[in-house]
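Residue numbers (the working numbering): 4 to 133.
The structure is reproduced here in structure tokens:
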């Protein structure tokens, strides 16, 4: 039996593909809802949550997606939605409204509107792709 010897410069072990994890900001004033969203996102493969209430501003600048309470749009987040073409910002931005649609709605690319009655799994599934 012959032993395989890798060619010069080749690795004896196959290269591992880099793990891609989308960083998701969660900004929700109700702690219980925020904690539930963070926990659900953290358990979803390929996603990692950042709690907007405690995160460092340098981390916030690197997020890939966001889940925001509609009530917070008046406190500075409205610039995310001003023209729908914020190319360097997070995508998608999921906005949770008090009286929005139960089934996730996408009024324009990168923006998803849901209600507090939307199943958590439906919200998390919308965060997987831009």
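We put the CB at the ideal spot given by N, CA and C, even for glycine. The model shown is predicted, which means the values in this text are computed figures rather than measured ones.
Tell me the DSSP bridge mates of residue 72? Translated into positions along the chain shown, residue 72 becomes position 69. DSSP, once it has assigned bridges, lists 99 as partnering residue 72.
Beta-carbon gap between residue 48 and residue 68 smaller than 7 Å: Within the chain shown, residue 48 is the residue found at index 45, counting from 1. Within the chain shown, residue 68 is the residue found at index 65, counting from 1. No, the Cβ-Cβ distance between residue 48 and residue 68 is not below 7 Å.
So that I know if they touch, is there some Cβ in chain B lying closer than 7 Å to that of residue 42? Note that chain B does not occur in the displayed structure, where there is just one protein chain.
Rounded to the nearest angstrom, how far is the Cβ of residue 58 from that of residue 99, given a contact under 8 Å? Residue mapping note: residue 58 aligns to position 55 of the chain shown, counting from 1. Residue mapping note: residue 99 aligns to position 96 of the chain shown, counting from 1. The pair is not a contact, with the Cβ atoms about 18 Å apart (cut-off 8 Å).
With C-beta atoms as the reference, is residue 122 less than 7 Å away from residue 115? Your numbering for residue 122 matches position 119 in the chain shown. Your numbering for residue 115 matches position 112 in the chain shown. Taking 7 Å as the Cβ cut-off, residue 122 and residue 115 do not qualify as a contacting pair.
At the level of alpha carbons, what is the spacing between residue 131 and residue 95? Locating residue 131 in the chain shown gives position 128, where the first residue counts as 1. Locating residue 95 in the chain shown gives position 92, where the first residue counts as 1. Their backbone Cα atoms lie some 9 Å apart in a straight line.
Do residue 70 and residue 26 have their C-beta atoms within less than 7 Å of each other? Walking along the chain shown from the start, residue 70 turns up at place 67. Walking along the chain shown from the start, residue 26 turns up at place 23. The answer is no: Cβ separation not under 7 Å.
Where do the N-terminal and C-terminal ends of the alpha helix (DSSP H) with residue 94 fall, by residue? Here residue 94 refers to the residue found at position 91 of the chain shown. Taken as a continuous stretch (DSSP letters only), residue 94 belongs to no alpha helix (DSSP H), as it is neither H nor E.
Nearest residue (CA-CA) to residue 118, options 33, 42, 102, 23: Numbered from 1 along the chain shown, position 115 holds the residue referred to as residue 118. Selected option, being the one with the closest Cα: 102.
For residue 111, tell me which candidate among 61, 97, 120 has the shortest Cα-Cα distance. Here residue 111 is taken as the residue at index 108 of the chain shown, counted from 1. Considering only alpha carbons, the answer is 97.
Inter-residue Cα distance where the pair is residue 54 and residue 74: Within the chain shown, the letter at position 51 stands for residue 54. Within the chain shown, the letter at position 71 stands for residue 74. Distance between the alpha carbons of residue 54 and residue 74 is about 17 Å.
Cβ-based burial, residue 37 [other Cβ within 10 Å; buried from 16]: Position 34 of the chain shown, counted from the first residue, corresponds to residue 37. Counting of Cβ neighbours within 10 angstroms places residue 37 among the buried residues, the total reaching 16 or more.
Classification of residue 23 by the beta-carbon crowding that lies within 10 angstroms, buried from 16 upward: Start at 1 with the first residue of the chain shown, and residue 23 comes out as number 20. It is exposed - the Cβ of residue 23 has fewer than 16 other Cβ atoms within 10 Å.
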